[in-house]
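**Q** Structure incoming, see below.
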Amino acid sequence: VLLQAIREHGVHCETEHGQLHARVQAALAGELAEGPGRWLVFTKAAHTRSALQSIAHLSGPDTLFLSLQNGIGHIETLHEFAAASRIAVGVTTWPARLLGPGRVGSQGSGAIRFMPRSGQAGPGFQALCDDFNQAGLHCEIDPQVETAIWEKLALNAAIGVVQPVHRAPRHPAQAVEGR
Numbered sequence: 323v324l325l326q327a328i329r330e331h332g333v334h335c336e337t338e339h340g341q342l343h344a345r346v347q348a349a350l351a352g353e354l355a356e357g358p359g360r361w362l363v364f365t366k367a368a369h370t371r372s373a374l375q376s377i378a379h380l381s382g383p384d385t386l387f388l389s390l391q392n393g394i395g396h397i398e399t400l401h402e403f404a405a406a407s408r409i410a411v412g413v414t415t416w417p418a419r420l421l422g423p424g425r426v427g428s429q430g431s432g433a434i435r436f437m438p439r440s441g442q443a444g445p446g447f448q449a450l451c452d453d454f455n456q457a458g459l460h461c462e463i464d465p466q467v468e469t470a471i472w473e474k475l476a477l478n479a480a481i482g483v484v485q486p487v488h489r490a491p492r493h494p495a496q497a498v499e500g501r
């Protein structure tokens, strides 16, 4: 359903500044004969291995991987599929929520911070950062990003414990009248 909606209608994003729409190619990994030079990994950490296995045939010796995943364990899994020189990890503070198939919402602003695992920001990762900035996503290569990753993990863990106790939604838009 999700893939079909994106193929037919593209991706719609509701922002505080209005609607954004982009026509994008959407496919399952098995449908592709060649992959991009860069993969952005956003899946839940528990699904990282299966996601990377599904794109292994599309990844070459120069393919770069950027993980902006929350949680723990995914970095080690990435290292099973690529050398440290081809992996970067980071954090994003852009708010986002799924509204429906092919529809997302993002109210507010944010930033992306990442650092290659090798400790060296080569031209490939610098170009990725530049592309994010050209798109207005406020990106920086940050040698201190691991601190930000752990801070976000701690915040998400704290919120994840408090919300169920108070029967609060993860996002105010998910609130049910009278709760």
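If you're matching positions, the sequence shown starts at 323 in the working numbering and goes up one per residue.
Idealized CB from N, CA, C, for every residue including glycine.
Note that the coordinates shown come from a computational prediction; the quantities given were computed from them, not determined experimentally.
Given a threshold of 16 other Cβ atoms within 10 Å of its Cβ, counted over all protein chains shown, does I394 qualify as buried or as exposed?
**A** That one is exposed.
**Q** Using the rule of at least 16 other Cβ atoms within 10 Å of the residue's Cβ for burial, across every protein chain shown, is E499 buried or exposed?
**A** Because E499 sits at a pLDDT of 41, beneath the cut-off of 50, its placement in the model cannot be relied upon, and the following sentence gives the value as read from the coordinates. Result: exposed.
**Q** For the alpha helix (DSSP H) holding S376, just list the boundary residues, first then last.
**A** That run of the alpha helix (DSSP H) goes 370-377.
**Q** Taking its Cβ as the centre, do 16 or more other Cβ atoms sit within 10 Å of H331, making it buried, or is it exposed?
**A** That one is exposed.
**Q** At 3 residues or longer, and completely inside the region 419-481: list those beta strand (DSSP E) runs for me, N to C.
**A** Runs found: 419-422, 425-428, 434-438, 461-463.
**Q** With DSSP run on the structure shown, which of helix, strand or coil describes I394?
**A** The answer is coil: DSSP assigns I394 none of H, G, I, E or B.
**Q** Straight-line CA distance for I397 to R408?
**A** Roughly 12 Å between the two C-alpha positions.
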